[in-house]
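Reading through the structure tokens given below for one structure.
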Amino acid sequence: MKIKAHPATVQDLDQNGHPILHKTRTATRITKANSGSTLSQRTRMPYAFHNGRPMPTVIYGKCNHSLPIEEMAKIYQSYEKKVPMTIFTRSQDRSRERNEVPGCRFRKLFGTDEGEVIQSTQASQQNQCVGLTAFIPERDKQVTDPKIYVEQSIKRGGHEKIIIHELAFGGQIQTDVDYVFRGIGDEHPEFGKRDLRVRIRCVNDESFETYMGGAGYYGYDRTEHAMMNRAMLDRGQAYSLQKSNWGDESYQHSVTINPADLRILLDAKRGNEKDRKQGVTGEVELLRLCMHKVLLSEDGRGVGDFELRIIYKP
Numbered sequence: 005m006k007i008k009a010h011p012a013t014v015q016d017l018d019q020n021g022h023p024i025l026h027k028t029r030t031a032t033r034i035t036k037a038n039s040g041s042t043l044s045q046r047t048r049m050p051y052a053f054h055n056g057r058p059m060p061t062v063i064y065g066k067c068n069h070s071l072p073i074e075e076m077a078k079i080y081q082s083y084e085k086k087v088p089m090t091i092f093t094r095s096q097d098r099s100r101e102r103n104e105v106p107g108c109r110f111r112k113l114f115g116t117d118e119g120e121v122i123q124s125t126q127a128s129q130q131n132q133c134v135g136l137t138a139f140i141p142e143r144d145k146q147v148t149d150p151k152i153y154v155e156q157s158i159k160r161g162g163h164e165k166i167i168i169h170e171l172a173f174g175g176q177i178q179t180d181v182d183y184v185f186r187g188i189g190d191e192h193p194e195f196g197k198r199d200l201r202v203r204i205r206c207v208n209d210e211s212f213e214t215y216m217g218g219a220g221y222y223g224y225d226r227t228e229h230a231m232m233n234r235a236m237l238d239r240g241q242a243y244s245l246q247k248s249n250w251g252d253e254s255y256q257h258s259v260t261i262n263p264a265d266l267r268i269l270l271d272a273k274r275g276n277e278k279d280r281k282q283g284v285t286g287e288v289e290l291l292r293l294c295m296h297k298v299l300l301s302e303d304g305r306g307v308g309d310f311e312l313r314i315i316y317k318p
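Residue 5 is where the sequence shown starts when you use my numbering, and the numbers rise one by one after that.
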């Protein structure tokens with residue numbers, strides 16, 4: 005589904021409304037309003053209530069696209085960016101079983117605001133939202149309408165469906181204010197699809213590199229099968245690994261397997277003396293060799309694992 009992009013709109017919350025909390029470390033639920041009762045002194049209040057400060061501004065944004073990840077990845081490739089598609093998710097599940105999508109390369113940043121659910125005094129589904137804080141490098145602060153992607157988890161027939169939203173900010177990003185996107189927060193069994201409150205924060209390059217070190221990369225691993233016959237087994241074999249599809253294709257790793265070691269592995273796989281007399285009639289996997297984080301992403305980071313499987317075929 006492609007949604008026509010609209011400029012983000014700005015709306016000031018009035019003094020009698022129910023504010024969306026902003027501080028990620030102090031967000032709490034406000035459960036008393038319009039009741040005439042006095043709030044407990046222990047209740048934490050939004051910073052705008054103190055010292056007569058004006059109420060904060062909330063910016064309501066739209067989405068350029070809302071699609072399954074494999075379709076969103078195709079759109080992202082058309083932008084010809086030199087960095088992987090980066091998806092912000094509130095999930096804490098980093099497993100490949102959940103996140104891998106065949107044929108797609110991307111990275112995910114896992115995290116939430118500490119104020120998990122922000123709810124106004126009126127206990128209505130429409131006034132509930134979940135928070136997410138995204139960090140960008142200072143060099144991207146002046147970029148007009150940067151490409152920022154968020155993940156939404158939806159339940160369908162007892163199974164999880166993942167939708168990726170490309171956010172539209174209507175111009176340059178304003179940092180440390182709240183952007184609210186209607187109905188694209190993770191689906192809740194009781195409250196349904198909640199609103200997503202996004203806060204963008206700029207950090208210096210060093211801090212951003214540290215932040216990106218926590219990303220999970222998916223789709224960058226590669227497995228190759230090396231078939232060997234008897235002659236190759238006797239003389240040994242060297243294997244070359246192209247390190248990246250993004251940079252200099254001549255930059256390769258080379259792996260050489262000692263032929264004596266291969267014969268030892270074959271004898272071990274063939275088993276007892278009876279098997280040796282009968283010979284090996286089928287394929288035998290001799291060795292699996294895995295090199296971690298040797299394959300490069302679009303921005304030159306070593307993120308992908310390479311697995312070489314050496315198979316003997318008589």
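Even for Gly, the Cβ is constructed at its ideal location relative to N, Cα and C.
With 16 or more other CB atoms across the displayed protein chains lying within 10 angstroms of its CB, P88 is buried.
Annotation: the continuous beta strand (DSSP E) that includes I167 extends over H163 to A172. In summary, Y83 is exposed, with fewer than 16 beta-carbon neighbours lying within 10 Å of its beta-carbon over all protein chains present. Nearest neighbour of L291 by Cα position, chosen from R239, E302 and R267, turns out to be R267. In the displayed model, Y80 falls within a helix according to three-state DSSP.
Beta-bridge annotation (DSSP): P193 is not paired with any residue. With fewer than 16 other beta carbons inside 10 angstroms of its own, E164 counts as exposed. For the 8 Å CB-CB criterion, P150 and I188 do not form a contact. Rounded to whole angstroms, the Cβ separation of D309 and C294 is 6 Å, and the two are in contact under 8 Å. Between G223 and R98, the CB-CB gap reaches or exceeds 8 Å. Comparing alpha-carbon positions, the option among V62, T214 and K297 lying closest to T179 turns out to be V62. Taking the C-beta atoms as reference points, G65 is found no nearer than 8 Å to L136. Beta-bridge partners assigned by DSSP to C67: L171. The three-state reading of DSSP puts P88 in coil, since its state is none of H, G, I, E or B. If the five residues before and after K159 are omitted, its C-beta is found closer than 8 Å to the C-beta atoms of K165, E191 and P193, all from its own chain and listed in chain order. Taking N208 as the centre and dropping the five residues before and after it, the same chain places the C-beta of E142 closer than 7 Å to its C-beta, in chain order.
Per DSSP, reduced to three states, the secondary structure at D209 is helical. For the 8 Å CB-CB criterion, F139 and Y215 form a contact.
Per DSSP, K112 is one residue of the beta strand (DSSP E) stretching across F110 to F114.
A residue is called buried when at least 16 other Cβ atoms come within 10 angstroms of its Cβ; S244 does not meet this threshold and is exposed. When rounded, the separation of the alpha-carbon atoms in S301 and V259 is 21 Å. Secondary structure note for R160: its beta strand (DSSP E) is the uninterrupted segment Y153 to R160.
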